[in-house]
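For reference, each letter of the sequence shown is one residue, going 1 to 312 in the UniProt record's numbering.
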Amino acid sequence: MTGSRWATVRSGRLAVGTAPLAGLYEPVSAAAAADTLEAAWAGGVRLFDTAPHYGAGLAERRLGEFLRGRSRDGYTVVTKVGRLLVPGRAAHDEEGFVGGPSDLVRVRDYSADGVRRSLEESLTRLGLDRVDVALIHDPDDHWDEAVAGAFPALARLRDEGVVRAIGAGMNQSAMLARFVRETDVDVVLVAGRYTLLDREAAAELLPLCAERGVGVLVGGAFNSGILADPNPGARFNYAPADPAVLGRARAMQRLCAAYGLPLAAAALQFPLRHPAVSAVVAGVRSAAEIREDLALLEVPVPEELWAALNDL
């Protein structure tokens, strides 16, 4: 059952991650966001990943505005549940988002009622009558509530046709593997844990997904930027990279350069080499970035380079 459900949803090797379009680390204008999405569409991208958390609803609104008037069967939208947006004023920008609404705060809620409310509000912001995929977002400290409340609620919504596939999205692989073992998820999104620098997901999560026919989306292929540009000050997993990690990334960059290739090409293509991985989710903030990512996916990478990178 699970594998067949995901097979009806999967939509290309590259997904646009909309967090940067909602002001992750720096503001992005509405015009620049629209241009980015237009460039992705022109490049053949039809898979879009968003969440209420991204810019306190800004990412969903911008994506919805872009998709308005396009054939509903012509694209795939992934959104998330687990954070409700409620009236209030945050003391500071949450997790690096700037430029979003200042009168909403995020409240964790993995209850069944919270899931239904979250999805209803997401559909309103997106201007859609359904989403294709709904993921439980970052339930790291909320397993009991997520498995008792959020998952059964999503399963009912799947049965009702409000969503086509369900799962979880996290920055760790251990709990995602637990979801795969203990629930009937269709897909998982693992961010930053299957990259050239961090292969945590390869130990258990990816083999388990392959065995059970669960789709895998991989986010954070550049590990917050260090695998795109490993210069001093680069970020790794949302924080400044320590010298050891920076040294590994720079060694990989030199190795790729010896083959006449950019490190970013190997970083973006690496997750797709695993048979369990359906697509990579690339967070982009400009039309130039999405065009570059599309070009990077087409750069030929020789097998001997992959073997050499595995040794670093």
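Heads up, the beta-carbon is just placed ideally off N, CA and C, and yes, glycines get one too. Values in this document were obtained by computation on a predicted structure and should not be read as measured data.
* To do: Thinking ALA267 and THR195 are a contact (beta carbons under 8 Å), I'd like their distance in whole angstroms, please.
  => 7 Å
* Asked: So, helix, strand or coil for ALA15, using DSSP?
  -> strand
* Secondary structure of ILE226, DSSP reduced to three states -> coil
* From which residue to which residue does the beta strand (DSSP E) around SER278 run? -> 277-283
* Buried/exposed call for ASN223, threshold 16 Cβ in 10 Å -> buried
* Asked: Roughly how many angstroms lie between the CA atoms of MET1 and VAL216, to the nearest whole one?
  -> Summary for MET1: the model assigns pLDDT 42, below 50, so the residue's position carries little reliability; its value from the coordinates is reported in the next sentence. Near 16 Å, if we compare the C-alpha coordinates of VAL216 and MET1.
* How long is the line joining the alpha carbons of GLU292 and GLY43, rounded to whole angstroms? -> 11 Å
* **Touch test, the region 128-135 against the region 143-163, Cβ-Cβ under 8 Å, three pairs minimum** => yes
* To do: Taking the CB atoms as reference points, tell me whether residue 313 and ASN237 lie closer together than 7 Å.
  => Any answer about residue 313 is impossible in this case: the structure gives the chain only from 1 up to 312.
* Would you mind sorting ASP103 into buried or exposed? The rule is 16 or more other CB atoms within 10 Å of its CB. => exposed
* Rounded to whole angstroms, how far is the Cβ of THR50 from the Cβ of THR79, which I believe are closer than 8 Å? -> 5 Å
* Run the CB neighbour count on LEU312, radius 10 Å, all protein chains shown included, and call it buried at 16 or more, exposed below. => exposed
* **Supposed close pair GLY213, VAL188 - CB separation, criterion 8 Å** => At roughly 12 Å, the Cβ-Cβ gap does not stay under 8 Å, so GLY213 and VAL188 are not in contact.
* Residues sharing a beta bridge with ARG106, DSSP -> LEU85
* To do: May I have the straight-line CA-CA distance separating PRO52 from VAL115, to the nearest angstrom?
  => 12 Å
* To do: Would you kindly work out how many angstroms separate the C-alpha atoms of GLU60 and ALA287, rounded to a whole number?
  => 18 Å
* To do: Would you mind stating whether LEU24 and PHE97 have Cβ atoms separated by less than 7 Å?
  => yes
* Where PRO271 falls, given that 16 or more other Cβ within 10 Å makes a residue buried -> buried
* To do: Taking residue 366 as the reference, give the member of TRP41, SER111, PRO240 and GLN253 with the closest Cα.
  => No information on residue 366 is available, as it lies outside the stretch 1 to 312 that the chain covers here.
* Near VAL180, which residues of its chain fall below 8 Å by C-beta distance, leaving aside the five closest residues on each side in sequence? -> VAL188, LEU205, LEU208, CYS209, ARG212 and VAL214
* Under 7 Å, do SER118 and LEU84 count as touching if we go by C-beta distance? -> yes
* Asked: Looking only at its own chain, which residues have a Cβ that is under 7 Å from the Cβ of ARG235, when we skip the five neighbours before and after it?
  -> SER224, GLY225, ILE226 and ALA241
* **Range covered by the beta strand (DSSP E) that runs through VAL299** => Unbroken run through VAL299: none, as it is neither H nor E.
* Cut-off 6 Å between Cβ atoms - residues of its own chain near ARG130, not counting five sequence neighbours on either side -> VAL162
* Asked: Do you know whose CA, among SER29, ARG5, LEU176 and THR36, lies nearest VAL16's CA?
  -> THR36
* Cβ-based neighbour list, HIS274, same chain, cut-off 6 Å, excluding 5 preceding and 5 following -> LEU206
* **Top-ranked residue by Cα proximity to ASP144, from ASP109, ASP198 and THR76** => ASP109
* Asked: So, helix, strand or coil for VAL77, using DSSP?
  -> strand
* Please state whether DSSP places LEU217 in a helix, a strand or coil. => strand
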